[in-house]
């Protein structure tokens, strides 16, 4: 991908109508960890897979799943520091909204504000687009449950199920095969683990970690990041099931 002089700043469009800096940011997302979110009948599940970068790294420290408020969760990929920057911005927006209006920020409003912030980084000199995608999940007093994904361009939509990263196509295909809206969160969690592991099949020789979080009636519709020991056990079980399926197909 070559910008032929039009990639020095994001305030210029190429003759083809492209913004190369945004495309470079999208490339950072496309080659990174798979993230996904699905809506269930009683909540939302967020998840991500990641490769352990070093044997010397303490397990669980490379976090990609974050709480923005007690009832709002997020998962990021791409350049993790960029993702964290958006998470911190989301926390600031939530605090300011509650101070001004006396109620917690609705998930749709939060998603729109973060999308606007992301899009602002695609039109000015001296700054670059965020090299990250972020999936937001929340529950509020207006719409109830909501699942949104914001891309590096600032594009933001609400979803029943969404995915981003290197395994997004496989993950989307798997999500479309299952009617998660008729499933409980507890039923969906093992399937999410399997989808994440399948999405990184090309990296199976490297040590892998999963992060999963939920918002459901069992948590009082608060965002809860699942315990690492539980997720590790879930990962091992999902790996065994995938291997058994592959043996049956062989």
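Residue numbers (full-length UniProt numbering): 1 to 250. No residue lacks a Cβ here, since even glycine has one placed at the ideal position from N, Cα and C.
Residue from the options with nearest C-alpha to residue i
i	options	result
residue 146	242, 41, 24 and 236	41
residue 89	183, 78 and 66	66
residue 135	124, 101, 176 and 78	78
residue 222	70, 213 and 26	70
residue 126	99, 102 and 21	21
residue 228	182, 108 and 210	210
residue 220	115, 190, 177 and 185	185
residue 197	231, 85, 107 and 226	231
residue 301	107, 207, 154 and 49	Coverage of the chain is limited to positions 1 through 250, which leaves residue 301 absent and any answer about it impossible.
residue 49	242, 157, 208 and 226	208
residue 193	216, 18, 143 and 242	242
residue 85	57, 100 and 68	68
residue 234	214, 225, 190 and 218	190
residue 55	105, 206, 239 and 218	206
Rounded C-alpha distance that separates residue i from residue j
i	j	result
residue 237	residue 173	22 Å
residue 44	residue 51	24 Å
residue 118	residue 129	7 Å
residue 113	residue 168	25 Å
residue 133	residue 27	11 Å
residue 152	residue 200	22 Å
residue 246	residue 124	50 Å
residue 212	residue 163	14 Å
residue 150	residue 32	15 Å
residue 23	residue 195	27 Å
residue 224	residue 131	26 Å
residue 109	residue 214	20 Å
CB of residue i within 7 Å of CB of residue j, strictly
i	j	result
residue 64	residue 76	yes
residue 61	residue 165	no
residue 46	residue 83	no
residue 36	residue 171	yes
residue 161	residue 29	no
residue 115	residue 154	yes
residue 111	residue 159	no
Extent of the continuous beta strand (DSSP E) to which residue i belongs
i	result
residue 50	43-51
residue 146	144-150
residue 74	72-76
residue 65	65-69
residue 54	That residue, residue 54, is in no beta strand (DSSP E); it is neither H nor E in DSSP.
residue 62	It is not in any beta strand (DSSP E) - residue 62 carries neither H nor E in the DSSP assignment.
residue 138	134-140
residue 35	35-40
residue 164	161-164
residue 158	156-158
Residue range of the unbroken alpha helix (DSSP H) whose run includes residue i
i	result
residue 94	80-101
residue 22	20-30
residue 112	107-120
Heavy atom of the ligand NAP within 6 Å of residue i beta-carbon
i	result
residue 161	With respect to the ligand NAP, the structure offers nothing, as it holds no ligand at all.
Threshold first: 3 residues or longer. Then list the beta strand (DSSP E) segments lying entirely within the segment 166-236, N to C. 208-216 and 223-225
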